[in-house]
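Since the structure comes first, as structure tokens, the remarks are kept for the end.
Residue numbers (this note's numbering): 1399 to 1563.
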């Protein structure tokens, strides 16, 4: 396979393979994306993973490019892959910013895309993530076929199973 198996911002590299997009908190969260990527590739090294987490050099980060990259690969995963949400508990305070605010918006967006466009979702919520009870309740009401699990390992297993369907 000549595909790149780990896609990271800001370069948008096209792929014809299904993509697992690692959606979830970055700012204030532990680096769960590296662990998730390793788990996926331990199961199947040929799965294409899109991880929005990247350590940028000082002055290198461009907000618009990051958002455009995320939008591109979220859509790619929604069309022919899996959007895999891990709602990690907050590890570091982020003054002036609500924790996981972007993730919560994306989760609602992709819950709707699952309901109306059959986008494949894998969702896991770590103990300590705020408002987990509400998220679980809304998924039970609106998308009961999306299993919400408690461990990163189980969420990854679900994502890999879905991408293979």
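We put the beta carbon where it would ideally sit given N, CA and C, even for glycine.
From a predicted model like this one, the values you see are computed outputs, not experimental measurements.
Ordered along the chain, which non-local residues of its own chain (more than five positions away) have a Cβ less than 7 Å from that of residue i?
i            : result
residue 1434 : 1420, 1484, 1550 and 1554
residue 1401 : For residue 1401, the pLDDT reaches just 46, beneath the cut-off of 50, and the residue's location in the model is therefore unreliable, although a value from the coordinates is still provided. Excluding positions up to five away in sequence, the list reads 1413, 1415 and 1446.
residue 1460 : 1408
residue 1424 : 1450 and 1451
residue 1465 : none
For my contact list, residue i and residue j are in at a C-beta cut-off of 8 Å; report their separation, rounded to the angstrom.
i            : j            : result
residue 1525 : residue 1475 : Going by Cβ atoms, the distance from residue 1525 to residue 1475 rounds to 26 Å, so no, they are not a contact pair.
residue 1428 : residue 1496 : Going by Cβ atoms, the distance from residue 1428 to residue 1496 rounds to 18 Å, so no, they are not a contact pair.
Are there 16 or more other CB atoms within 10 angstroms of the CB of residue i, so buried, or fewer, so exposed?
i            : result
residue 1450 : buried
residue 1436 : exposed
residue 1527 : buried
residue 1544 : buried
residue 1457 : exposed
residue 1499 : exposed
residue 1504 : buried
residue 1562 : exposed
residue 1506 : exposed
residue 1542 : exposed
Between the options, which has its C-alpha nearest residue i's C-alpha?
i            : options                   : result
residue 1454 : 1510, 1532, 1422 and 1409 : 1409
residue 1413 : 1563, 1439 and 1477       : 1477
residue 1473 : 1446, 1517 and 1544       : 1517
residue 1417 : 1404, 1427 and 1463       : 1404
residue 1530 : 1515, 1542, 1511 and 1502 : 1502
residue 1470 : 1540, 1407, 1489 and 1545 : 1407
residue 1560 : 1532, 1512, 1540 and 1539 : 1512
residue 1539 : 1467, 1510, 1463 and 1515 : 1510
residue 1411 : 1430, 1424 and 1467       : 1467
What does a CB cutoff of less than 6 Å around residue i pick up in its chain, not counting 5 residues either side in sequence?
i            : result
residue 1547 : 1522 and 1553
residue 1441 : 1558
residue 1431 : 1420, 1449 and 1451
Considering only DSSP beta bridges, list what residue i is partnered with.
i            : result
residue 1485 : 1523
residue 1558 : Beta-bridge pairing links residue 1558 to no other residue.
residue 1418 : 1447 and 1480
residue 1404 : 1447
residue 1460 : DSSP output for residue 1460 lists no bridge partner at all.
residue 1547 : 1522
Leaving out five residues on either side along the sequence, give the residues of the same chain with a beta carbon under 8 Å from the beta carbon of residue i.
i            : result
residue 1491 : 1426
residue 1534 : 1523 and 1546
residue 1557 : 1418, 1438, 1480, 1482 and 1520
Compare the C-beta of residue i with all C-beta atoms of chain C and state if any pair is closer than 8 Å.
i            : result
residue 1551 : Considering every chain present, this structure includes no chain C. It has just one protein chain.
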